[in-house]
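In the numbering used here, the protein residues as written are 8 to 130.
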């Protein structure tokens with residue numbers, strides 16, 4: 008499995024929105040995500056969003072997987088089939104093509120000439 012680029016639309020989280028919040032020195036555009044409504048988990052060391060990457064049958068726009076929110080088993084089982092199917096797609100994964108870089112060699116050095124005094128190395 009290779010590397011993937013990931014795009015996530017955080018506004019798909021339930022009741023999330025963008026607003027301007029004024030601080031002491033400036034007003035900033037902020038994303039507000041209600042913890043209790045959105046299904047994110049407030050832990051000791053952070054706020055977590057559990058997602059599942061589901062492989063698509065056919066690639067679309069180069070995307071190979073879609074991202075859906077991972078729900079607790081009891082929450083998922085309590086949902087109707089219609090509610091399950093209506094769960095939003097939060098984003099997608101696209102494989103990143105790694106490009107091999109070629110370094111152009113313009114000259115070579117003889118190994119015996121490379122180090123004049125091996126006792127003078129900084130390591």
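Ideal placement from N, C-alpha and C gives every residue a C-beta, glycine not left out.
The structure displayed is predicted, hence computed values, not measured ones.
Please classify residue i: does DSSP put it in a helix, a strand, or coil?
i	result
residue 10	coil
residue 68	coil
residue 94	coil
residue 17	helix
residue 80	helix
residue 51	coil
residue 33	coil
residue 130	At residue 130, the pLDDT of 45 sits below 50, so the modelled position is not reliable and the matter cannot be decided from this model.
residue 89	helix
Within its chain, find whatever has a CB closer than 7 Å to the CB of residue i; leave out the 5 residues flanking it on each side and keep chain order.
i	result
residue 94	75, 76
residue 73	61, 63, 96, 99
residue 16	97, 98
residue 30	none
residue 36	25, 27
residue 38	17, 23, 25
Within 10 angstroms of its Cβ, does residue i collect 16 or more other Cβ (buried), or is it exposed?
i	result
residue 99	buried
residue 24	exposed
residue 130	At residue 130 the pLDDT is 45, less than 50, meaning the model places this residue with poor confidence and gives no usable figure here.
Beta-carbon within less than 6 Å of residue i's beta-carbon, same chain only, minus the 5 sequence neighbours each way: which residues are those?
i	result
residue 101	12, 69, 70
residue 19	95, 97
residue 48	55
residue 53	none
Nearest to residue i by alpha carbon, out of the options?
i	options	result
residue 44	92, 82, 104, 87	82
residue 42	73, 35, 21, 92	21
residue 14	80, 58, 87	58
residue 80	89, 32, 46	46
Among the residues of its own chain, which have a CB less than 8 Å from the CB of residue i, if the five just before and after it don't count?
i	result
residue 103	9, 10, 11, 12
residue 91	83
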